[in-house]
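Residue numbers (our numbering): 53 to 422.
Step one of this worksheet: look at the structure below.
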Ligand SMILES: *Cc1c(COP(=O)(O)O)cnc(C)c1O
């Protein structure tokens with residue numbers, strides 16, 4: 053009889069962890085919900101796609117290059133990032149999306165009995181990686197939809213290794229300004245690792261928004277995350293990175309998986325960095341469509357929460373999972389927010405005007421029917 057002693061093999065923290073269920077591919081969803089068009093407004097992708105500089109590199113890719121392993125440490129990309137941010141190439145680690153570098157940092161610093169601190173309503177991957185790796189994730193409630201610095205400091209104990217701050221926060225769009233972030237880093241005073249996830253920083257125009265890259269020298273315990281998935285429109289290629297002081301990055305590097313970043317992703321990311329016009333165009337679209345949504349949602353009498361970033365949260369007078377399904381049957385895919393601990397809220401990514409009109413039309417329709 054084939055046999056495996058599973059019960060005796062599984063750590064408790066794995067047994068108690070529910071796997072994340074990804075959504076099905078578009079054609080399957082369209083069959084399931086009976087729609088012939090699908091607007092994906094659930095993942096904050098750039099509706100303009102990758103910048104033309106990156107498109108060209110992707111289009112020119114020569115299939116025989118697939119035979120060779122990529123640069124194991126994204127050599128040229130790190131060199132370019134170092135020039136762009138006036139840091140050393142060794143201060144960068146590139147991963148298979150920023151998601152992968154989250155795991156690098158947790159593995160590098162946490163051991164049995166340690167904990168990490170983050171907010172209860174933020175990007176959930178910090179919490180998930182800590183939990184399924186056997187570490188406690190201490191979740192501090194948001195205050196006025198933003199990260200609560202004082203409460204996070206209060207939650208620190210002798211086993212706290214890392215504090216994760218999402219700036220601006222996904223999904224609420226709030227951010228710590230430079231003064232607020234400096235104050236927090238000063239209070240931590242080098243005793244813990246502070247990660248600032250800047251996945252949406254390229255969308256922010258406010259002059260008081262802090263540029264983490266420029267704080268690394270002053271705060272060597274600061275680790276900054278960036279990604280090519282959002283502003284740079286390369287989510288499908290999976291590439292993101294972290295930056296930090298040479299001594300901190302030297303430690304994190306030990307937990308890196310080499311060759312996890314493919315050839316095409318490295319080339320496309322490198323090219324994307326030299327297209328600033330793409331950022332200008334994307335910001336203009338996001339600004340115009342956010343204004344459109346704000347006006348439409350207000351006239352429907354719905355409460356919203358938005359700030360920086362390419363997404364808006366909407367509070368519905370109905371269950372968000374039900375709203376998700378009804379919107380899907382209209383060909384509009386949003387993010388239901390119960391998983392983010394925001395029951396009855398949805399998050400909608402900013403898309404092209406046609407997609408925003410489709411969303412507003414579908415939402416009006418499903419609300420009328422409840
Ligand atoms: C999308 C996102 C990321 C990670 O994206 P990758 O695609 O893994 O690079 C990280 N943090 C936040 C807050 C995000 O929204």
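All C-beta atoms in this analysis are idealised placements derived from N, C-alpha and C, irrespective of residue type, glycine included.
For residue j and residue i, believed in contact at Cβ under 8 Å, the rounded distance
| i | j | result |
| --- | --- | --- |
| residue 132 | residue 322 | 6 Å |
| residue 372 | residue 390 | 6 Å |
| residue 403 | residue 91 | 6 Å |
| residue 239 | residue 205 | 6 Å |
| residue 324 | residue 174 | So it is not a contact: roughly 26 Å between Cβ atoms. |
| residue 219 | residue 246 | Incorrect: roughly 11 Å between the Cβ atoms, too far for contact. |
| residue 366 | residue 126 | The Cβ separation is near 38 Å, so there is no contact. |
Closest residue to residue i among the options (Cα-Cα distance)
| i | options | result |
| --- | --- | --- |
| residue 170 | 217, 391, 305 | 217 |
| residue 187 | 194, 178, 374, 138 | 178 |
| residue 311 | 291, 298, 328, 329 | 291 |
| residue 172 | 199, 149, 346, 405 | 199 |
| residue 211 | 220, 219, 189 | 189 |
| residue 378 | 411, 143, 241, 206 | 411 |
| residue 275 | 343, 201, 250, 100 | 250 |
| residue 341 | 289, 361, 270, 59 | 361 |
| residue 93 | 222, 385, 130, 344 | 385 |
| residue 221 | 202, 197, 271, 235 | 197 |
| residue 87 | 408, 381, 401, 406 | 381 |
| residue 115 | 394, 315, 367, 327 | 315 |
| residue 153 | 366, 358, 268, 301 | 301 |
| residue 209 | 193, 168, 111, 348 | 168 |
| residue 139 | 348, 161, 303, 298 | 298 |
| residue 223 | 89, 364, 369 | 364 |
| residue 277 | 97, 409, 148 | 148 |
| residue 395 | 320, 142, 370, 264 | 370 |
| residue 392 | 332, 337, 176, 269 | 176 |
| residue 289 | 329, 271, 151 | 151 |
| residue 333 | 343, 368, 255, 55 | 255 |
| residue 287 | 320, 243, 225, 359 | 320 |
| residue 397 | 83, 358, 409 | 358 |
| residue 225 | 408, 137, 399 | 399 |
Buried or exposed by the 16-neighbour rule on C-beta atoms within 10 Å, applied to residue i
| i | result |
| --- | --- |
| residue 62 | exposed |
| residue 57 | exposed |
| residue 339 | exposed |
| residue 66 | exposed |
| residue 71 | exposed |
| residue 350 | exposed |
| residue 241 | exposed |
| residue 146 | buried |
| residue 259 | exposed |
| residue 266 | exposed |
| residue 252 | buried |
| residue 405 | exposed |
| residue 166 | buried |
| residue 130 | buried |
Cα-Cα separation between residue i and residue j, rounded to whole angstroms
| i | j | result |
| --- | --- | --- |
| residue 37 | residue 284 | The structure shown has nothing for residue 37, since the chain only spans 53 to 422. |
| residue 213 | residue 383 | 44 Å |
| residue 294 | residue 279 | 9 Å |
| residue 81 | residue 375 | 15 Å |
| residue 195 | residue 117 | 50 Å |
| residue 122 | residue 318 | 8 Å |
| residue 95 | residue 77 | 14 Å |
| residue 419 | residue 85 | 18 Å |
| residue 262 | residue 248 | 10 Å |
| residue 237 | residue 164 | 25 Å |
| residue 75 | residue 387 | 11 Å |
| residue 345 | residue 180 | 32 Å |
| residue 108 | residue 414 | 36 Å |
| residue 257 | residue 227 | 12 Å |
| residue 185 | residue 348 | 43 Å |
| residue 59 | residue 68 | 12 Å |
| residue 162 | residue 113 | 40 Å |
| residue 401 | residue 97 | 7 Å |
| residue 89 | residue 79 | 9 Å |
| residue 269 | residue 201 | 22 Å |
| residue 368 | residue 352 | 11 Å |
- Item | Three or more C-beta pairs below 8 Å linking the segment 295-309 and the segment 151-159 | yes
- Are there three or more Cβ pairs, one per stretch, closer than 8 Å when the segment 86-105 is compared with the segment 231-247? no
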